[in-house]
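All remarks here apply to the structure that follows.
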Amino acid sequence: MPRIQLTQRDIRVLASLGEYGILDTRLLHRLHFKSVTERRCLQRVEQYVSHGLVCVIALRVWYCSDRESGRIPRIYGLTEKGADAVEGLTGRPPDRVFRSEPTPETLLHRLQIVRWRIAFDDAFRQEGLPVPLWIHEQDTRNDLPPKVPPNQRSVLFHRLGSSGKAVCCKPDAACRFLLPGKNGSEYPFIFYWEIDRSTEGHEQIRSQKIRGYAELLQSHAFLRYWPDLAEPHVRVIFACRKDIRERRIAGLAETFRGTAIEHLVRFIPYQDCAPTKLLRGAVWSDVSGRKRSILHD
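Residue numbers (my numbering): 836 to 1132.
In structure tokens:
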């Protein structure tokens, strides 16, 4: 097999896979190959695969409520060889290397997180603001003993409360960012993201998520990974699927109403996952149903 000659675009593609963890063909085309067809994009990405720089996961089953997105996605991740290439060419080791294959459900869940992240970051770029810093659900700690189970090694895994009344809280993602205030001031924010799959009932949410987030914020547990954020503004974001957004958001709002964190919770449907809406648009619902924008929250 002839050697592959990597262009600057190729390096950016590989680096973005190391940044986001996974990307599908559509996202790769949108981020890096807009000047060519999606077919040309796929041909180039398959060259990365054939040279062992990238791995591909072809899902056999795919459910999507959006008729325009009904194709089964091909999902790509950066291999160890690809990570070595990125570090050698950029001097920076990638944050997320694809070392094990999760379940299809987990992959699709992570892909949704990436879609929200890309749109959210683009919204900041459009406003000329620094993009947020992110922690993904698969990001792990390196300060734990080997005996700790894999599902508890996540940076975002929190075991909170007393031993007799301990509760676990594990957001799907977290990001921190600064928003401009008056007279040149800046306000630090943390967004904890929940990519809602409608599989959790209201009692489960009450017993786990509400108590978990209340304990997380009361104990300032975020200082473990962001020690410089003494008093950030925190929001808990629920992103809900298109086809069930209205009844699901209404049900979730009722569940959170009257709780210790009701003022922190915001709901947003997938249809508003667009950079032009995410900062200036009044697309974030609170538990009362009031629509808010981030820049005027």
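A virtual CB, placed ideally from N, CA and C, is assigned to each residue, including glycine.
* To do: Report the option in L1058, A1095, Q1043, N986 whose CA atom is closest to the CA atom of P1067.
  => By one-based count along the sequence shown, residue 1067 stands at place 232. Out of L1058, A1095, Q1043, N986, L1058 has the C-alpha closest to the C-alpha of P1067.
Note to self: Our contact map puts I1025 next to R1046 with C-beta atoms below 8 Å; I'd like the distance itself, whole angstroms only.
What the structure shows: Taking the first residue of the sequence shown as 1, we reach residue 1025 at position 190. Taking the first residue of the sequence shown as 1, we reach residue 1046 at position 211. That belief does not hold up - the Cβ atoms of I1025 and R1046 are roughly 19 Å apart, past 8 Å.
What are the boundary residues of the alpha helix (DSSP H) that W969 is part of?
Here residue 969 refers to the residue found at position 134 when the sequence shown is read from its first residue. Element bounds for W969: not the alpha helix (DSSP H) but the beta strand (DSSP E), 968-971.
Q) Candidates Y1060, I970, H1098, G1086: which alpha carbon is nearest V1071's? A) Position 236 of the sequence shown, counted from the first residue, corresponds to residue 1071. That would be H1098, whose Cα lies nearest to the Cα of V1071.
Subject >> Contacts around A1117, its chain only, beta-carbon distance under 7 Å, and the 5 residues preceding and following it disregarded >> reply: Mapped onto the sequence shown, residue 1117 falls at position 282. Excluding positions up to five away in sequence, the list reads K1126, R1127, S1128.
Next on the checklist: Taking a contact to mean a Cβ-Cβ separation below 8 Å, would you say L888 touches T860 in this structure?
Outcome noted: On the sequence shown, position 53 is the one that residue 888 refers to. On the sequence shown, position 25 is the one that residue 860 refers to. No; because the gap between Cβ atoms is not below 8 Å, this pair is not in contact.
Next on the checklist: Using CA atoms only, rank isn't needed, just tell me which of V1069, G923, E922 is closest to P1006.
Outcome noted: Walking along the sequence shown from the start, residue 1006 turns up at place 171. That would be V1069, whose Cα lies nearest to the Cα of P1006.
Contact set for D957: own chain, Cβ-Cβ below 7 Å, skip 5 residues either direction: Working through the sequence shown from its first residue, we reach residue 957 at position 122. Excluding residues within five positions, the ones whose Cβ falls inside 7 Å are P1110.
So the beta strand (DSSP E) A1009 belongs to, where does it begin and stop? As a first step, residue 1009 must be located in the sequence shown, where it is residue number 174. Unbroken beta strand (DSSP E) run through A1009: 1008-1015.
- Per DSSP, what kind of secondary structure is C1004 in: helix, strand or coil? Indexing the sequence shown from 1 puts residue 1004 at position 169. Correct three-state label for C1004: strand.
Report the three-state DSSP secondary structure of L1114 (helix, strand or coil).
Position 279 of the sequence shown, counting from 1, holds the residue named residue 1114. Residue state, collapsed to three classes: coil.
Reference Y1105; option with closest CA among Q973, A1074, A1095: Position 270 of the sequence shown, counted from the start, is the residue given in the question as residue 1105. Cα-wise, what sits closest to Y1105 is A1074.
- Item | Exposure of E1029, with buried meaning 16 or more beta-carbon neighbours within 10 Å | Residue numbering aside, residue 1029 sits at position 194 when the sequence shown is read from its first letter. E1029 comes out buried.
Assumed close pair L1114, E962 - CB separation to whole angstroms, cut-off 8 Å:
By one-based count along the sequence shown, residue 1114 stands at place 279. By one-based count along the sequence shown, residue 962 stands at place 127. Sure, about 6 Å apart at Cβ, within 8 Å.
Exercise. Along the chain, where does the beta strand (DSSP E) that runs through C1075 open and close?
Worked result: Here residue 1075 refers to the residue found at position 240 when the sequence shown is read from its first residue. First-last of the beta strand (DSSP E) with C1075: 1068-1075.
Item checked: 7 Å Cβ shell around L1087 - same chain, five flanking residues per side excluded -> Numbered from 1 along the sequence shown, position 252 holds the residue referred to as residue 1087. F1073, F1102.
Other residues of its chain near L1064: CB distance less than 6 Å, five sequence neighbours each side excluded: Your numbering for residue 1064 matches position 229 in the sequence shown. So the qualifying residues of the chain are P1023.
Buried/exposed call for I1096, threshold 16 Cβ in 10 Å:
Taking the sequence shown and counting its residues from 1, the one referred to as residue 1096 is at position 261. With a threshold of 16 other beta carbon atoms within 10 Å, I1096 meets it and is buried.
- Starting from the C-beta of Q987, find all residues in its chain whose C-beta is less than 7 Å away, skip the five residues before and the five after it, and write them out in chain order. In the sequence shown, counting from the first residue as 1, residue 987 sits at position 152. Contacts found: none.
Given a threshold of 16 other Cβ atoms within 10 Å of its Cβ, counted over all protein chains shown, does D1121 qualify as buried or as exposed?
In the sequence shown, counting from the first residue as 1, residue 1121 sits at position 286. D1121 is buried by the Cβ-count criterion.
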